[in-house]
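Student: Structure below; questions to follow.
There are 2 protein chains.
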Amino acid sequence: MKISKYYLPVLKDAPLGAEVVSHKLMLRAGMVKQQSSGIYSWLPLGARVLKKVENIIREEMNKSGALEVILPCIQSADLWRESNRYDSYGKEMLRIKDRHENDLLFSPTAEEAITDIVRSHINSYKDFPRTFYQINWKFRDEIRPRFGVMRGREFLMKDAYSFDVDQESAVATYNKMVKTYFNIFMRMGLRAIPVRADTGPIGGDLSHEFHVLAHTGESDIFYDKDLEEELNKLNPDVEKIRKFYAMADEMHVVEKCPVAVANIKNHKGIEVGHVFYYGTKYSEVLNATYMNHEGKTVLFHGGCYGIGVSRLIAAIIESSHDDKGIIWPKAVAPFTVAILNLHTKDADASSLADKLYQALLDRNIEVIYDDTDAGAGNKFSRVELIGIPYSIVSSTKLAKENKFEVRDRKTGAVELLDFESTLKKLLEDD
Amino acid sequence: MKISKYYLPVLKDAPLGAEVVSHKLMLRAGMVKQQSSGIYSWLPLGARVLKKVENIIREEMNKSGALEVILPCIQSADLWRESNRYDSYGKEMLRIKDRHENDLLFSPTAEEAITDIVRSHINSYKDFPRTFYQINWKFRDEIRPRFGVMRGREFLMKDAYSFDVDQESAVATYNKMVKTYFNIFMRMGLRAIPVRADTGPIGGDLSHEFHVLAHTGESDIFYDKDLEEELNKLNPDVEKIRKFYAMADEMHVVEKCPVAVANIKNHKGIEVGHVFYYGTKYSEVLNATYMNHEGKTVLFHGGCYGIGVSRLIAAIIESSHDDKGIIWPKAVAPFTVAILNLHTKDADASSLADKLYQALLDRNIEVIYDDTDAGAGNKFSRVELIGIPYSIVSSTKLAKENKFEVRDRKTGAVELLDFESTLKKLLEDD
Numbered sequence: 033m034k035i036s037k038y039y040l041p042v043l044k045d046a047p048l049g050a051e052v053v054s055h056k057l058m059l060r061a062g063m064v065k066q067q068s069s070g071i072y073s074w075l076p077l078g079a080r081v082l083k084k085v086e087n088i089i090r091e092e093m094n095k096s097g098a099l100e101v102i103l104p105c106i107q108s109a110d111l112w113r114e115s116n117r118y119d120s121y122g123k124e125m126l127r128i129k130d131r132h133e134n135d136l137l138f139s140p141t142a143e144e145a146i147t148d149i150v151r152s153h154i155n156s157y158k159d160f161p162r163t164f165y166q167i168n169w170k171f172r173d174e175i176r177p178r179f180g181v182m183r184g185r186e187f188l189m190k191d192a193y194s195f196d197v198d199q200e201s202a203v204a205t206y207n208k209m210v211k212t213y214f215n216i217f218m219r220m221g222l223r224a225i226p227v228r229a230d231t232g233p234i235g236g237d238l239s240h241e242f243h244v245l246a247h248t249g250e251s252d253i254f255y256d257k258d259l260e261e262e263l264n265k266l267n268p269d270v271e272k273i274r275k276f277y278a279m280a281d282e283m284h285v286v287e288k289c290p291v292a293v294a295n296i297k298n299h300k301g302i303e304v305g306h307v308f309y310y311g312t313k314y315s316e317v318l319n320a321t322y323m324n325h326e327g328k329t330v331l332f333h334g335g336c337y338g339i340g341v342s343r344l345i346a347a348i349i350e351s352s353h354d355d356k357g358i359i360w361p362k363a364v365a366p367f368t369v370a371i372l373n374l375h376t377k378d379a380d381a382s383s384l385a386d387k388l389y390q391a392l393l394d395r396n397i398e399v400i401y402d403d404t405d406a407g408a409g410n411k412f413s414r415v416e417l418i419g420i421p422y423s424i425v426s427s428t429k430l431a432k433e434n435k436f437e438v439r440d441r442k443t444g445a446v447e448l449l450d451f452e453s454t455l456k457k458l459l460e461d462d
Numbered sequence: 033m034k035i036s037k038y039y040l041p042v043l044k045d046a047p048l049g050a051e052v053v054s055h056k057l058m059l060r061a062g063m064v065k066q067q068s069s070g071i072y073s074w075l076p077l078g079a080r081v082l083k084k085v086e087n088i089i090r091e092e093m094n095k096s097g098a099l100e101v102i103l104p105c106i107q108s109a110d111l112w113r114e115s116n117r118y119d120s121y122g123k124e125m126l127r128i129k130d131r132h133e134n135d136l137l138f139s140p141t142a143e144e145a146i147t148d149i150v151r152s153h154i155n156s157y158k159d160f161p162r163t164f165y166q167i168n169w170k171f172r173d174e175i176r177p178r179f180g181v182m183r184g185r186e187f188l189m190k191d192a193y194s195f196d197v198d199q200e201s202a203v204a205t206y207n208k209m210v211k212t213y214f215n216i217f218m219r220m221g222l223r224a225i226p227v228r229a230d231t232g233p234i235g236g237d238l239s240h241e242f243h244v245l246a247h248t249g250e251s252d253i254f255y256d257k258d259l260e261e262e263l264n265k266l267n268p269d270v271e272k273i274r275k276f277y278a279m280a281d282e283m284h285v286v287e288k289c290p291v292a293v294a295n296i297k298n299h300k301g302i303e304v305g306h307v308f309y310y311g312t313k314y315s316e317v318l319n320a321t322y323m324n325h326e327g328k329t330v331l332f333h334g335g336c337y338g339i340g341v342s343r344l345i346a347a348i349i350e351s352s353h354d355d356k357g358i359i360w361p362k363a364v365a366p367f368t369v370a371i372l373n374l375h376t377k378d379a380d381a382s383s384l385a386d387k388l389y390q391a392l393l394d395r396n397i398e399v400i401y402d403d404t405d406a407g408a409g410n411k412f413s414r415v416e417l418i419g420i421p422y423s424i425v426s427s428t429k430l431a432k433e434n435k436f437e438v439r440d441r442k443t444g445a446v447e448l449l450d451f452e453s454t455l456k457k458l459l460e461d462d
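Following this line, the structure appears as structure tokens:
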């Protein structure tokens with residue numbers, strides 16, 4: 033993509049009102065633009081990152097055997113009345129009347145919609161377990177939307193729902209989903225800690241929040257430092273991990289903590305996911321049953337598994353930036369490589385840059401090419417702000433030596449390499 | 033994907049109320065389930081087709097140079113008041129009040145939202161032309177939703193918006209988009225005819241609807257039969273095509289038609305796309321300007337380009353089915369190949385089927401494997417109903433000869449092939 037054909041409305045200063053660093057940087061990098069309170073448009077750069085994150089999640093969910101569906105944004109209130117949530121949900125649910133005065137709502141979550149699908153066929157125990165997921169827009173009418181897409185009203189969510197024949201099978205599904213979450217966050221270059229979450233009236237210990245560690249996080253998390261060691265393993269044991277102490281904020285009570293204070297690590301975190309085994313809560317109220325091997329009609333055991341996709345992007349930025357801008361982990365970077373031609377009127381510098389651009393396109397490496405007549409300083413600061421992992425600089429002086437300057441956004445390392453070595457380095461690192 | 037792990041709730045008979053063939057078949061094939069009037073959930077098979085169609089559209093839009101964005105579903109009424117459409121849009125617009133009694137709406141289209149983005153930066157003529165597109169859910173509160181996803185209320189739409197510095201440049205953009213539409217429909221195995229559409233108060237001839245030919249279509253289209261010849265060319269000339277006579281229903285008046293009746297072809301069609309050059313209509317009312325080469329502030333020329341993505345799937349089915357079910361064009365088929373193991377208890381038949389399944393997975397060929405203990409008749413009718421291009425049958429008898437039966441869903445051709453020849457055929461055709 034040539035910047036001369038792209039739309040990258042970067043800003044020198046963050047607009048007033050942006051408090052947290054991810055919000056400031058997303059606005060400055062031209063990733064999003066506010067449409068209304070807590071509602072954002074995703075501009076080309078932001079949309080690219082969102083699709084990348086979405087695709088990593090989709091790939092890992094598919095690998096786990098979960099089946100992708102799409103549940104409607106606008107749902108009839110009837111089903112939510114059946115589950116008794118229409119009245120109890122509170123003002124976060126956006127309630128709507130259609131032209132015929134029917135009650136509708138914008139889906140804040142979808143337990144009802146998916147349970148309705150599963151219950152509407154006569155199912156045998158042989159047809160389960162099944163996990164369904166979707167990646168779709170949700171709406172929660174937050175009373176005070178803030179921090180940009182971190183706490184917006186319209187947000188992209190991956191929500192999954194499992195149907196198992198009994199608790200034992202449901203726990204196995206739960207563990208599989210926790211493992212899938214490890215894979216998802218690891219691929220994005222994130223360390224995410226699963227902390228025990230409140231299970232409310234349902235009870236039990238099968239509810240975890242996933243927190244990305246970031247100094248600017250809004251929650252305080254406390255965990256056994258030996259947990260990190262287990263999480264670092266290639267194939268972590270979920271049952272083992274669940275036994276470690278890990279709590280957020282109000283769930284952590286020093287007096288009741290079974291781990292010695294010296295062994296507790298405390299870090300700021302941002303909640304990006306939540307997994308929850310809710311047993312027969314929804315199958316009971318919606319009468320979702322299957323036929324067991326004795327021919328008896330039995331209730332499903334269910335769980336739900338969310339990831340805040342748009343919020344995750346803010347969390348990545350919170351955990352990976354410096355005073356110049358965003359530092360994208362490679363897997364979610366909007367482009368892997370930026371080519372900066374500092375002297376567009378110099379034939380040699382331009383021809384070298386053009387040649388590299390074409391070579392990268394031919395090899396399906398995602399590249400953005402600054403072919404504009406902006407000044408060198410502007411080009412450098414723009415590409416640092418938008419956080420592209422590698423910048424390859426072409427200039428009159430460099431072209432004389434047949435070299436590029438290769439800059440690593442994360443380490444700050446600068447190398448002088450010829451065409452072939454540059455290409456080789458970028459191909460190896462892709 | 034093994035059917036024993038999939039969710040494919042096929043129905044023997046179409047539910048009451050489904051009138052058109054695509055609606056019946058989508059329900060019978062377990063692609064969608066109605067959530068509420070005109071609102072559908074997409075089950076795993078349907079979601080796969082939707083993603084395929086979406087990706088073809090995305091690839092071709094990207095190739096055209098259009099930039100992907102995501103505009104919010106829920107938008108503030110303020111911007112729509114500025115363009116004077118909030119009051120004039122009619123009851124199809126779903127109007128909503130949030131918890132603070134602010135007026136919101138579910139986006140039925142997005143000229144306002146994208147124009148607001150473009151106008152909010154000071155832009156030079158050098159930064160244009162630009163075309164933005166999104167693939168996102170829209171809502172139109174149809175008074176009588178019907179025909180399943182053909183005329184639903186919540187629907188997936190690709191909507192694109194172009195910004196050009198003058199009419200000449202806008203016409204070039206328009207022609208490029210028409211060409212992109214040809215590519216999109218061609219890749220899906222569809223013949224789509226661009227017919228002249230009403231431009232209303234804006235005037236001119238730069239508005240076309242794209243109709244997919246189908247005997248069950250709801251509109252009547254009339255066109256110069258020489259148009260087909262031009263459309264069949266590899267690289268059709270859009271300016272030339274625009275000169276041919278092609279009109280739908282009420283736009284066609286026999287007495288005024290400049291082409292001899294004998295040269296007019298009449299066919300039923302389903303509208304799946306619309307392209308429209310609207311000039312300065314929105315830039316005027318929303319004050320969207322750029323700086324021209326003389327430093328003067330000038331209004332943008334705009335166009336909009338829609339494709340009804342969910343509707344397109346119904347149109348594909350209308351144009352490609354038989355009395356047994358759907359016949360998917362390969363590019364949009366949920367799976368390219370189905371393996372039917374008729375005798376799952378036979379070790380040889382199973383091992384051959386397993387081996388083929390693995391070989392196809394290894395080669396990234398999308399395959400669904402009927403490994404269930406359903407009867408042969410059920411297996412055949414299910415795979416014919418869901419329209420998979422190739423069915424590969426394994427059975428006790430066939431395994432004795434080390435053969436598969438290879439069935440072509442479209443032609444009905446049946447061949448007996450050994451393992452290598454089967455694989456070769458499927459790889460060649462992919």
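Chains as they are written, first to last, in the working numbering: chain G, 33 to 462; chain P, 33 to 462. Just so it is clear, CB atoms sit at the ideal spot from N, CA and C, and this is done for glycine as well. This structure is a prediction, so every number in the text was calculated from the model and none was measured.
Of all the options P361(P), Q390(P), I358(P) and Y401(P), which has the alpha carbon lying nearest to the alpha carbon of T376(P)?
Tutor: Here the question's residue 376(P) lines up with position 344 in the second sequence. It is Y401(P).
Student: Classify V27(G) as helix, strand or coil using the three-state DSSP reduction.
Tutor: Residue numbering for chain G in the displayed model covers 33 to 462; residue 27(G) lies beyond these limits and cannot be assessed.
Student: Are the beta-carbon atoms of K95(P) and T141(P) separated by less than 8 Å?
Tutor: For the purposes of this step, residue 95(P) is taken as the residue at position 63 of the second sequence. For the purposes of this step, residue 141(P) is taken as the residue at position 109 of the second sequence. Result no, Cβ atoms of K95(P) and T141(P) do not sit closer than 8 Å.
Student: Any idea if D237(G) is buried or exposed, counting beta-carbon neighbours within 10 angstroms, 16 or more meaning buried?
Tutor: Translated into the one-based positions of the first sequence, residue 237(G) becomes position 205. Answer is exposed; the Cβ neighbour count stays below 16.
Student: Looking at R162(P) and L99(P), is the spacing between their C-beta atoms short of 8 Å?
Tutor: Counting from one through the second sequence, the residue named residue 99(P) turns up at place 67. Counting from one through the second sequence, the residue named residue 162(P) turns up at place 130. Taking a C-beta distance under 8 Å as the contact criterion, L99(P) and R162(P) qualify as a contact pair.
Student: Looking at the C-beta of L344(G), does it have a partner C-beta in chain C at a distance below 8 Å?
Tutor: In the structure shown, chain C does not exist; the protein chains are G and P.
Student: Taking 8 Å as the CB-CB cut-off, is I105(P) touching chain G?
Tutor: Here the question's residue 105(P) lines up with position 73 in the second sequence. In the sequence as presented, Ile is not what sits at residue 105(P); that position holds Cys. So yes, C105(P) belongs to the interface.
Student: Indicate the three-state DSSP secondary structure (helix, strand or coil) for F171(P) in the structure shown.
Tutor: Counted from its first residue, the second sequence places residue 171(P) at position 139. F171(P) falls in the strand class under three-state DSSP.
Student: Judging by CA-CA distance, which residue of R172(G), F217(G), L263(G) and L430(G) is the nearest neighbour of L188(G)?
Tutor: By one-based count along the first sequence, residue 188(G) stands at place 156. Answer by Cα proximity: R172(G).
Student: In whole angstroms, what separates the C-alpha of I349(G) from that of N134(G)?
Tutor: As a working mapping, residue 349(G) is identified with position 317 in the first sequence. As a working mapping, residue 134(G) is identified with position 102 in the first sequence. Cα-Cα distance, rounded: 42 Å.
Student: DSSP on M323(P), reduced to helix/strand/coil?
Tutor: Numbered from its first residue, the second sequence carries residue 323(P) at position 291. Reduced to three states, the DSSP call for M323(P) is strand.
Student: With H, G and I counted as helix, E and B as strand and the rest as coil, what does DSSP make of A224(G)?
Tutor: Within the first sequence, the letter at position 192 stands for residue 224(G). Looking at A224(G) - three-state DSSP - the assignment turns out to be strand.
Student: Should G464(P) be flagged as near chain G, meaning a C-beta pair shorter than 8 Å?
Tutor: Outside the displayed span of chain P (33 to 462) sits residue 464(P), for which this structure offers no information.
Student: Is the Cβ of Y157(P) closer than 8 Å to any Cβ of chain G?
Tutor: Counting from 1 along the second sequence, the entry for residue 157(P) is found at position 125. With 8 Å as the cut-off, Y157(P) does not count as an interface residue toward chain G.
Student: Measure from the C-beta of D196(G) to each C-beta in chain P and report whether the shortest distance is under 8 Å.
Tutor: In the first sequence, counting from the first residue as 1, residue 196(G) sits at position 164. Not an interface residue.
Student: Give me whichever residues DSSP pairs with D354(G) in a beta bridge.
Tutor: Translated into positions along the first sequence, residue 354(G) becomes position 322. For D354(G), which the question treats as bridged, DSSP gives the partners G357(G).
Student: Just tell me which of K272(G), I175(G), V101(G) and E186(G) has its CA closest to the CA of I149(G).
Tutor: Working through the first sequence from its first residue, we reach residue 149(G) at position 117. That would be V101(G), whose Cα lies nearest to the Cα of I149(G).
Student: Might you give, ordered along the chain, the residues of its own chain that have their beta carbon closer than 6 Å to the beta carbon of D252(G), omitting 5 neighbours on each side?
Tutor: The residue given as residue 252(G) occupies position 220 in the first sequence. D281.
Student: So, under 8 Å CB-CB, G327(G) and H243(G) are touching, yes? Tell me the CB distance rounded to an integer number of Å.
Tutor: For the purposes of this step, residue 327(G) is taken as the residue at position 295 of the first sequence. For the purposes of this step, residue 243(G) is taken as the residue at position 211 of the first sequence. Contact flag wrong, Cβ pair sits at about 45 Å.
Student: Indicate whether L82(G) and S342(G) have their beta-carbon atoms separated by less than 8 Å.
Tutor: Locating residue 82(G) in the first sequence gives position 50, counting from the first residue. Locating residue 342(G) in the first sequence gives position 310, counting from the first residue. It is a contact, given that the beta carbons lie within the stated cut-off.
Student: Per the DSSP calculation, N505(G) is bridged to which residue(s)?
Tutor: Absent from the structure is residue 505(G), since the part of chain G shown begins at 33 and ends at 462.
Student: Are I167(P) and E92(P) close, meaning C-beta to C-beta below 8 Å?
Tutor: Walking along the second sequence from the start, residue 167(P) turns up at place 135. Walking along the second sequence from the start, residue 92(P) turns up at place 60. No. Outside cutoff.
Student: Just the Cα atoms here: how many angstroms apart are W74(P) and G340(P)?
Tutor: For the purposes of this step, residue 74(P) is taken as the residue at position 42 of the second sequence. For the purposes of this step, residue 340(P) is taken as the residue at position 308 of the second sequence. Roughly 16 Å between the two C-alpha positions.
Student: Roughly how many whole angstroms lie between the Cα atoms of V285(P) and T321(P)?
Tutor: The residue you call residue 285(P) lines up with position 253 of the second sequence. The residue you call residue 321(P) lines up with position 289 of the second sequence. V285(P) and T321(P): Cα-Cα distance of roughly 40 Å.
Student: Since I believe F436(G) is in contact with I424(G) (beta carbons under 8 Å), could you give me their beta-carbon distance rounded to a whole number of angstroms?
Tutor: On the first sequence, position 392 is the one that residue 424(G) refers to. On the first sequence, position 404 is the one that residue 436(G) refers to. So it is a contact: roughly 5 Å between Cβ atoms.
Student: Give me the DSSP bridge partner(s) of N298(G).
Tutor: Walking along the first sequence from the start, residue 298(G) turns up at place 266. The partner list for N298(G) (beta bridge, DSSP) reads F254(G).
Student: In three-state DSSP terms, what is K435(G)?
Tutor: As a position in the first sequence, residue 435(G) is number 403, starting the count at 1. In the structure shown, the three-state DSSP call for K435(G) is strand.
Student: So what's M125(G) in DSSP terms, helix, strand or just coil?
Tutor: Here residue 125(G) refers to the residue found at position 93 of the first sequence. Shown here, M125(G) sits in coil according to DSSP, grouped into three states, outside any helix or strand.
Student: For R162(P), go through chain G and note every residue whose CB falls closer than 9 Å to its CB, in chain order.
Tutor: The sequence position of residue 162(P) within the second sequence is 130, counting from 1. Neighbours of R162(P) on chain G, chain order: K37, Y38 and Y39.
Student: How many Å lie between N434(P) and N410(P) at the Cα?
Tutor: Within the second sequence, numbered from 1, the residue matching residue 434(P) stands at position 402. Within the second sequence, numbered from 1, the residue matching residue 410(P) stands at position 378. If you take the alpha carbons of N434(P) and N410(P), they lie about 24 Å apart.
Student: Counting only beta-carbon atoms, is G97(G) nearer than 8 Å to chain P?
Tutor: One-based indexing of the first sequence puts residue 97(G) at position 65. Interface residue, yes.
Student: Identify the continuous alpha helix (DSSP H) that holds S54(G) and give its terminal residues.
Tutor: Position 22 of the first sequence holds residue 54(G). Element bounds for S54(G): V53 to R60.
Student: Tell me which residues share the same chain as Y206(G) and place their Cβ nearer than 7 Å to its Cβ, disregarding the 5 neighbours each side in the sequence.
Tutor: Within the first sequence, numbered from 1, the residue matching residue 206(G) stands at position 174. Result list for Y206(G): L238, V307, Y309 and G335, in chain order.
Student: Given a cut-off of 8 Å, decide if N373(P) and A385(P) are closer than it, judged by their beta-carbon atoms.
Tutor: Position 353 of the second sequence holds residue 385(P). Position 341 of the second sequence holds residue 373(P). A contact, by the Cβ cut-off of 8 Å.
Student: Could you confirm whether any beta carbon from chain P is found closer than 8 Å to the beta carbon of H153(G)?
Tutor: Sequence index remark: in the first sequence, residue 153(G) carries index 121 (1-based). Taking Cβ atoms only, chain P reaches closer than 8 Å to H153(G), which makes this a yes.
Student: Which chain P residues are close to P177(G), counting only those with a beta carbon under 7 Å from its beta carbon?
Tutor: As a working note, residue 177(G) is residue 145 in the first sequence. Under the 7 Å cutoff, chain P gives no residues; its nearest Cβ is about 10 Å from P177(G).
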